[in-house]
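The block underneath contains the structure these notes are about, expressed in structure tokens.
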Amino acid sequence: MRSKGPSHPNCERLILIASRSVVWAVWTRGYYGGLKRPEKGNTMHILRLAVEEDESEANAGSRAAGAADDDAFVQDAVEALLRLAHAEAAEWRVNNIELWNPDPRVRALIERAGIPHEFVERETESIASLMWYGEGEVEWVLNEKFGWC
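Numbering (full-length UniProt numbering), first residue to last: 1 to 149.
Laid out in structure tokens, this is it:
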């Protein structure tokens with residue numbers, strides 16, 4: 001579903017489904033410079049870009065048989081989502097698009113898409129933090145932009 005124009009809700013989502021894979025994204029916009037001064041940092045935040053696959057045993061045979069077709073679908077779906085996000089960003093006067101912590105598969109799909117991008121390690125702002133007193137290391141899971149103040 002895609003809304004048109006600034007009078008609609010500020011959160012978008014799109015789902016693309018194949019026989020073995022579901023590719024989806026949800027994003028929102030931050031108007032840090034307002035509509036009159038988008039150069040002041042208006043940003044589209046892709047809150048999540050997910051590639052989910054049917055891992056059930058019932059689908060194991062068809063997964064192997066259709067792996068190449070499914071890989072092509074996933075690549076096309078990710079590219080379609082990124083093109084849609086770019087078009088929406090232009091329509092909504094947003095200069096930057098950010099996707100936080102894409103998993104290794106999504107990073108590879110973005111690389112193959114040939115869409116101009118830059119992977120950046122956050123070091124000065126919006127750094128996730130946690131005080132940990134337990135044993136072992138912390139495993140960050142789905143460390144994505146969501147509830148930032």
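Even for Gly, the Cβ is constructed at its ideal location relative to N, Cα and C.
Keep in mind it's a predicted model, so treat the numbers as computed, not measured.
On the three-pair Cβ rule with 8 Å, is the region 34-53 touching the region 91-105? yes
So, residue 78 versus residue 106, is the Cβ gap smaller than 8 Å? yes
Can you tell me whether residue 138 is buried or exposed, with buried defined as 16 or more other CB within 10 angstroms of its CB? Exposed, because fewer than 16 other Cβ atoms sit within 10 Å of the Cβ of residue 138.
By a C-beta neighbour count over all protein chains shown, 10 Å radius and 16 as the cutoff for buried, is residue 129 buried or exposed? exposed
If you draw a straight line from the alpha carbon of residue 89 to that of residue 52, how long is it in whole angstroms? 25 Å
Would you check if the distance between the CB atom of residue 189 and the CB atom of residue 30 is smaller than 8 Å? For residue 189 there is no data in the structure shown, the boundaries of the chain being 1 and 149.
Per DSSP, what kind of secondary structure is residue 117 in: helix, strand or coil? coil
Do residue 49 and residue 25 have their CB atoms nearer than 8 Å? yes
Work out the CA separation of residue 95 and residue 41 for me, nearest whole Å. Residue 41 and residue 95: Cα-Cα distance of roughly 7 Å.
Spatial neighbours of residue 145 in its chain, beta-carbon cut-off 8 Å, leaving aside the 5 residues before and after: The answer, listed in chain order, is 45, 47, 98, 100, 126.
With H, G and I counted as helix, E and B as strand and the rest as coil, what does DSSP make of residue 89? helix
Neighbourhood of residue 131 by C-beta, 8 Å cutoff - its chain only, sequence neighbours within 5 removed: Nothing listed; no residue qualifies.
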